[in-house]
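Counted the way this note's numbering counts, the sequence shown spans residues 1078 to 1520. Think of the CB as a built atom: it goes at the ideal place given N, C-alpha and C, for glycine as much as any other residue.
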Amino acid sequence: MTDQLPVGPYRMVRTAEGTAVPWYVVPFDSDGACTGPRTRDDLVNRARGGGFTDIVIFCHGWNNDWRQATGRYDDFFNGYVRLRTERALPAAPGFAPLLVAIFWPSKLLVADADQPPDFAGDGDADDAAVADERDDLAELAAAVDPDHRPRLFELAQQRGLDEADALELAGILAPLYATDREETAEQAPPTPAEIAASWQAPRRRRSADPADFDTPTTTVDGAPQAAGWADFLRPREILRGASVWLMKDRAGRVGARGVGPLLVQLLGTGARVHVVGHSFGAKVLLSAIAAPAALPATVHSALLLEPAVSHLCFAADADGHGRPGGYRPVLDRVGQPILSTFSGHDEPLHKFFHLALRRAGDLGEADIAADEPPSRYAALGGYGPRPLGAQATLTPILDPTTRYALDAPGLQVVGVDGTRTIPSHGEVSNPSTWWMLYDLMTR
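Printed below as a string of structure tokens:
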């Protein structure tokens, strides 16, 4: 056992055949700088000289610390091996894999990886929760003008915001609300007035189901109240929404600046490279594929598990004015059609993601059927890719041994409806998803 990140593999894992496989963990900071450069260099050197046939790069999603991230990786690796063993799924002749796990700082302003924002009230102070809230607020504050931080801290402690307070807070947080060009081809950042209007929008949203927000809470004066859309103007919930933008930006930066150069090096080894990303980890990997000016080879396959990116990120016309989604170039850099799951049980992405990202101009899109994206900011992991056609299609999730139909002419991305087997945002390690990776890797 060691008490620091090893220069070599983090662990060795065994395949279904009993072969020992190196598993590296390569960490990055919030700006994309590799914080384990010697580990990264050892990985690249081993990949160049180790005779590996396949390199699989995994990236965790939001709200994972080191122990949680490595635990999720362990669970997926072990499940994949178990599936192959139980179903007697053969490996290709000479199969020699190398596993790479990315770690990046993704823990921010979400109480639980599998839970949506809590729109209910507060009870007694909880030490751990308050500690997290203090740390998270400090991290958000670091992204705004230093002169505005004292006022940010004051507003953050209020129980509610009136219109003037909301507009003031929107102005302070405006730097966090970058343009969404990377995913939806949006060209201009929102104004403070538009940001504040987007916070008020859920209160006016006619299609909101009150049954989803019926947890008892307490008003400022102590009277019982049902948690509802009015609570969205509590500063805590506004800061959580801002944190989605902060995390989106961070994931893109880590992917483009950090993982992208590593991907180029690994693609240069001649091994087939596969990527598997969960939640915002999918954005990390999409940015890594999209950012380099050129790749020495195509990525062999990509599996996106409940990706926290726009459902329009691959679209030829993402904004209605002919501008493509920011990740459309990825389609030509991946050798097989991308498999991307979505689930109606993924509450953070199916119900809340688009509310944190929506703009004032998006407010009229509230009465769309439940199985269609309710907003241009709706998540790929909540609804699947759009628009559909020859390049993008939807299919139900399949059980092990049933192959996905990926040979249709022009097909580049398949939205896999995982509602049947994916019960929440975080529960993406199961026989269905292990099979998806096996299906992709054995083509």
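How big is the Cα-Cα spacing for residue i and residue j?
i     : j     : result
P1252 : V1221 : 6 Å
L1457 : P1450 : 9 Å
I1445 : G1138 : Low confidence applies to I1445: its pLDDT is 35, below 50, so where it sits in the model is not reliable, and the reading given next is rough at best. Roughly 28 Å between the two C-alpha positions.
D1209 : S1107 : 18 Å
G1421 : L1465 : 18 Å
L1217 : A1168 : 46 Å
R1463 : T1418 : 13 Å
N1140 : V1103 : 18 Å
G1095 : R1164 : 16 Å
T1147 : A1433 : 28 Å
L1232 : P1312 : 7 Å
V1407 : Y1087 : 30 Å
C1390 : D1224 : 35 Å
L1041 : Y1150 : This structure cannot speak to residue 1041, because the chain is shown only from 1078 to 1520.
S1493 : T1162 : The displayed chain sequence assigns Val, not Ser, to residue 1493. Whole-angstrom Cα-Cα distance: 25 Å.
D1242 : R1226 : 14 Å
Y1254 : W1143 : 28 Å
G1345 : G1126 : 12 Å
R1334 : P1373 : 17 Å
A1270 : G1248 : 8 Å
Y1460 : T1498 : 15 Å
L1483 : A1205 : 47 Å
By DSSP, does residue i sit in helix, in strand, or in coil?
i     : result
T1162 : helix
W1143 : helix
S1417 : strand
R1349 : strand
T1092 : coil
L1440 : The pLDDT assigned to L1440 is 34, lower than 50, so where the model puts this residue is not dependable; a value taken from the coordinates is nonetheless given after this. Three-state DSSP puts L1440 in coil, outside helix and strand.
V1221 : coil
V1505 : coil
P1252 : helix
S1387 : strand
A1273 : helix
S1406 : Residue identity differs from the one stated: residue 1406 is Pro in this sequence, not Ser. DSSP places P1406 in helix when its eight states are reduced to three.
D1494 : strand
L1343 : helix
H1431 : helix
P1450 : coil
A1241 : helix
G1354 : strand
A1168 : coil
L1372 : coil
What are the boundary residues of the beta strand (DSSP E) that includes residue i?
i     : result
I1132 : 1131 to 1136
A1379 : 1378 to 1382
V1207 : Not the beta strand (DSSP E): V1207 falls in the alpha helix (DSSP H), residues 1204 to 1218.
F1180 : 1174 to 1180
A1333 : Here A1333 belongs to no beta strand (DSSP E), and DSSP marks it neither H nor E.
Suppose the cutoff is 6 Å on Cβ atoms and the five residues either side in sequence are ignored; what does the same chain contact list for residue i look like?
i     : result
V1090 : V1098, W1100, F1154
L1246 : L1232
V1411 : V1376, A1379
K1145 : Looking at the sequence itself, residue 1145 is Gln, so the reference to Lys does not match. Cβ neighbours of Q1145 beyond the five flanking positions: none.
M1513 : L1380, L1416
Grab the span of the alpha helix (DSSP H) containing residue i for me, first residue to last.
i     : result
W1512 : 1508 to 1518
Y1460 : 1457 to 1460
D1326 : 1312 to 1330
V1084 : Unbroken run through V1084: none, as it is neither H nor E.
V1121 : 1114 to 1126
L1232 : 1226 to 1233
V1102 : Looking at the DSSP string, V1102 is not in any alpha helix (DSSP H); the run it does join, the beta strand (DSSP E), is 1097 to 1104.
A1359 : 1357 to 1367
Skipping 5 residues on each side, what residues in its chain have a beta carbon closer than 8 Å to that of residue i?
i     : result
T1130 : A1169, G1171, F1172, A1173, P1174, A1348, R1349
L1082 : V1102, P1104, G1113, T1116
L1238 : L1232, L1246, L1310, R1311, P1312, I1315
Near residue i, which residues of its chain fall below 7 Å by C-beta distance, leaving aside the five closest residues on each side in sequence?
i     : result
S1518 : Looking at the sequence itself, residue 1518 is Met, so the reference to Ser does not match. Once the five neighbours on either side are set aside, the close Cβ partners of M1518 are D1131, H1351, S1378.
Of all Cβ atoms in chain D, is any one closer than 8 Å to the Cβ of residue i?
i     : result
R1236 : Here chain D cannot be found, since the structure has a single protein chain.
Using 8 Å as the Cβ pair cut-off and three pairs as the minimum, do the segment 1397 to 1409 and the segment 1423 to 1432 touch? Contact annotation: the segment 1397 to 1409 does not touch the segment 1423 to 1432, with fewer than three C-beta pairs closer than 8 Å.
Is it true that the segment 1331 to 1342 meets the segment 1472 to 1488, where meeting means three or more beta-carbon pairs spaced less than 8 Å apart? no
Is the segment 1321 to 1330 close to the segment 1360 to 1379, with three or more CB pairs under 8 Å? yes
Do three or more CB pairs link the segment 1496 to 1515 to the segment 1382 to 1390 at distances below 8 Å? yes
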